[in-house]
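Undergrad:
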Amino acid sequence: MTRKIILDLDTGVDDALALAYALGSPELELIGVTCTYGNVLIEQGAANDLALLDLLGHSEVPVFLGQPHAQTKESFEVLDISAFIHGKNGIGEVEIPASARRVEERGAVDFLIDSVREHGDDLVIVATGPMTNLAAAIAKDPTFAANAHIVIMGGALTVPGNVNAWTEANISQDPEAADALFRSGADVTMIGLDVTLQTLLTYAETQQWRDLGTEAGRALADITDYYIKAYETTAPYLGGCGLHDPLAVAVAVDPSLVTLLPINLKVDLEGPTRGRTIGDEQRLNESERTSRAAVAVDVPRFLKEFMARIGSVLQ
Ligand code: BDR
Ligand code: CA
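To convert, note that position 175 of the sequence shown is 178 in the working numbering; the numbers rise steadily by one, no gaps.
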């Protein structure tokens, strides 16, 4: 039986890899992509999603525009470091044909709400950018949190952040939204830097995509090589690029890829640790844990799945 999935993306190189992973997973039916801001402005993210869906042979998947910035802010500007890591266009400065399609008229928040109402337990939402759209859905529909199943890429529990010592990028863009999500009671699985910085890709793997001789294989290899190159500067000790966002999709398919610590999470909103993901001391002794954080990952098994699934969509 297939499970329905919505991807909430700020596309972004590893968001593009998450999209390919979902499309290459026979267990999943991608019913929509909702766009958020982060690695790029939201309009650029939407253009990337539409173009990538065409490139990967899935022009049937609808794309929905979300909130353009955090609710606590007036606007959003792409950080220099994001443009350095993902390229100014978010997909490694690689030009792929723009889609003739447009985003849907219905907004991302309404699509998320309607989908949770319609599909309930048969749906998983994987969010790999700031949590702004999810927080807006929680605020708009009082039944959303109790019925949604969500896997996020974001946060860092046992390792330092990647924006500063405390904070991971997706959480730092909108700490209030992530905190609202964790406190909402929704079923949330956190795939943070704890595990995503253990899952690395190198030029050897992207060459395999190029060797397929397809347009999609060449494009995804070029896009990903830009990201690997950026990691040589930002985290040379890793020896590859972090497969953050595709790991979140992989866990939505198969949670046994990671070890999950049940913990009621929160985000620090004040002081120097603003943006830190941590256990909520006020809910430490509650018997129900609505969130869990991945603290270990089966790297060889994930990489094998990653290469098989991405390879299947690049044929
Ligand atoms: C996360 O931040 C973004 O730059 C990536 O796409 C990923 O979702 C990693 O911290
Ligand atoms: Ca992302």
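Yeah, the Cβ is synthetic: ideal placement off N, Cα and C, and Gly gets one too. If you're wondering where the values come from, they're calculated on a predicted model, not measured in any experiment.
Can you tell me whether G15 sits near ligand 1, meaning its C-beta is under 6 angstroms from at least one heavy atom of the ligand?
TA: As a working mapping, residue 15 is identified with position 12 in the sequence shown. Correct: G15 has its Cβ closer than 6 angstroms to ligand 1.
Undergrad: Quick one: measure Cβ to Cβ for G278 and P178, integer angstroms, because I've assumed they're closer than 8 angstroms.
TA: Here residue 278 refers to the residue found at position 275 when the sequence shown is read from its first residue. Here residue 178 refers to the residue found at position 175 when the sequence shown is read from its first residue. Correct: roughly 5 angstroms between the Cβ atoms.
Undergrad: Any heavy atom of ligand 2 closer than 6 angstroms to the Cβ of T202?
TA: For the purposes of this step, residue 202 is taken as residue 199 along the sequence shown, with counting starting at 1. No; taking the cut-off as 6 angstroms, the Cβ of T202 has no heavy atom of ligand 2 nearer than that.
Undergrad: Beta carbon of L68, beta carbon of A49: below 7 angstroms?
TA: Along the sequence shown, one-based indexing puts residue 68 at 65. Along the sequence shown, one-based indexing puts residue 49 at 46. Contact: yes.
Undergrad: Say yes only if the C-beta of A172 is nearer than 6 angstroms to one or more non-hydrogen atoms of ligand 1, and no if none qualify.
TA: The sequence position of residue 172 within the sequence shown is 169, counting from 1. A172 Cβ: within cutoff of ligand 1.
Undergrad: Which two residues bound the contiguous alpha helix (DSSP H) that contains F309?
TA: Here residue 309 corresponds to residue number 306 of the sequence shown, with the count starting at 1. Run containing F309: 302–317, per the alpha helix (DSSP H) assignment.
Undergrad: Please classify N136: is it buried, with 16 or more other beta-carbons within 10 angstroms of its beta-carbon, or exposed?
TA: As a working mapping, residue 136 is identified with position 133 in the sequence shown. Looking at its Cβ environment, which holds 16 or more other Cβ atoms inside 10 Å, N136 is buried.
Undergrad: Any chance the segment 183–192 sits against the segment 139–158, with 3 or more Cβ pairs inside 8 angstroms?
TA: Short answer: they touch.
Undergrad: Any heavy atom of ligand 2 closer than 6 angstroms to the CB of D52?
TA: For the purposes of this step, residue 52 is taken as the residue at position 49 of the sequence shown. D52: no, Cβ never under 6 angstroms from ligand 2.
Undergrad: Relative to ligand 1, is the shortest distance from any of its heavy atoms to the C-beta of H247 smaller than 6 angstroms?
TA: Position 244 of the sequence shown, counted from the first residue, corresponds to residue 247. It does: the Cβ of H247 is within 6 angstroms (strictly closer) of some heavy atom of ligand 1.
Undergrad: Checking 7 angstroms against the spacing of the C-beta atoms, do I226 and I141 come in under that value?
TA: Position 223 of the sequence shown, counted from the first residue, corresponds to residue 226. Position 138 of the sequence shown, counted from the first residue, corresponds to residue 141. The answer is no: Cβ separation not under 7 angstroms.
Undergrad: Is R279 helix, strand or coil when you go by DSSP?
TA: The residue you call residue 279 lines up with position 276 of the sequence shown. It is a strand residue.
Undergrad: Whether or not the segment 241–256 and the segment 22–30 are in contact is what I'm after, with contact meaning three or more pairs of Cβ atoms, one per stretch, closer than 8 angstroms; do they touch?
TA: Counting Cβ pairs under 8 angstroms, three or more are found: they touch.
Undergrad: Would the beta-carbon of V71 fall within 7 angstroms of that of Y40?
TA: One-based indexing of the sequence shown puts residue 71 at position 68. One-based indexing of the sequence shown puts residue 40 at position 37. The question names Val, but residue 71 in the sequence shown is Pro. Cβ atoms of P71 and Y40: closer than 7 angstroms.
Undergrad: Per DSSP, what are the beta-bridge partners of L31 in this structure?
TA: Mapped onto the sequence shown, residue 31 falls at position 28. R6, per the DSSP bridge assignment.
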